[in-house]
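First comes the structure, then the notes that go with it.
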Amino acid sequence: MERNSLSTLQPRDNGDSASPEEREDYSSKTGSLMYGMTQTRPDLAFLLSVLSRYMSNPSPAHSRLTKRGLRYLQQTRDHGLVLGGVKKDHESAWSITAWADSDWKGDTVTGRSTFGWLVQLEGSTVSWRAKRHETVALSTTEAEYTALSQCARELAWTRNLFSELLLPLHMPIPLNGDNQGSLKLCRNPELHQRTKHIPLTEHHIREEVEAGNIDVQYVSTYEQVADGLTKPLNTVSHGHFLEAIR
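Numbering (full-length UniProt numbering), first residue to last: 1 to 246.
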């Protein structure tokens, strides 16, 4: 997948509408990619988060990217997720590790950022998401804080699922981020001038941290597994991303 194509993608020119045939073809190809992404291919998540923005009026440039995505899928058809084989002691608690990341103003049209999170069970990737923020983040700290908060919701659901299945979990669950400012906000119960505009729903992560359900931890950008869910990567970085999520 070409980095520049995704980074500079623009809406179709005003006044120029896609034909019904173009929309149907684009929807079909995007749907095929979406099916693969939701099943076993988190490496397609960022691509789909971009392509899905143009469903109503795709341009030839958008259609070319769907074809590149399908070619990539064909070339990497042996890729997938490896589950199990790590946990040997069936009497011990299960280990979950989560990763959350965000770019900043990556969408050049709206100025919005894209966040991504990924959850691994005993080292195996089990859930993931890449999505554009609902609003414009005023700083990298805010963008990353929102990503951590969104991941915390998934972890709450996962924790409840394990509880209903009577399966013990190692607590607290590590949640890895690569922005020190956002991690500090997760541990800080106070509101101040630079954060008081953030929706209150995003602050629930502070309660999760305080309750001992989540332990936010710092990792370097190079170690951030969720990096590939927020932006196009070069060939080397993409290779590292594939290895980390399998």
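Heads up, the beta-carbon is just placed ideally off N, CA and C, and yes, glycines get one too. Note that the coordinates shown come from a computational prediction; the quantities given were computed from them, not determined experimentally.
Phenylalanine 241 - partner residues in DSSP beta bridges: According to DSSP, residue pairing for phenylalanine 241 in a beta bridge does not occur.
Candidates Tyr222, Met37, Ser17, Ala61: closest to leucine 6 by CA position: Comparing Cα-Cα distances from leucine 6 to each of Tyr222, Met37, Ser17, Ala61, the minimum goes to Ala61.
9 Å Cβ cutoff met for glycine 106 and threonine 230: For glycine 106 and threonine 230, yes; Cβs fall inside 9 Å.
Closest by C-alpha distance to lysine 67, when choosing among Asp227, Ser32, Glu202, Glu210: Selected option, being the one with the closest Cα: Ser32.
Uninterrupted alpha helix (DSSP H) stretches inside the stretch 25–59 (no shorter than 4 residues): Within the stretch 25–59, complete alpha helix (DSSP H) segments of at least 4 residues are found at 45–51, given in chain order.
CA-to-CA distance, aspartate 13 to leucine 121, given in whole angstroms: Straight-line Cα distance between these residues: approximately 44 Å.
Residue from Ile245, Gly123, Val119 with nearest C-alpha to alanine 152: The shortest C-alpha separation from alanine 152 is found at Val119.
Pair within 9 Å by beta-carbon distance, serine 59 and proline 11: Contact flag set, yes.
Arginine 77 in three-state terms, based on DSSP: Coil.
Burial state of tryptophan 99, where buried means 16 or more other Cβ atoms lie within 10 Å: Per the 10 Å Cβ criterion, buried.
Pick from Leu242, Pro232, Ile245 that is closest to leucine 9, judged by C-alpha positions: It is Pro232 whose Cα lies nearest to the Cα of leucine 9.
Candidates Thr146, Val219, Tyr222: closest to residue 252 by CA position: It is not possible to answer for residue 252, since the shown part of the chain is limited to 1 through 246.
Unbroken beta strand (DSSP E) run spanning tyrosine 218, endpoints: Here the beta strand (DSSP E) through tyrosine 218 covers 214–218.
Alanine 61, DSSP secondary structure in three states: Here alanine 61 sits in helix by DSSP.
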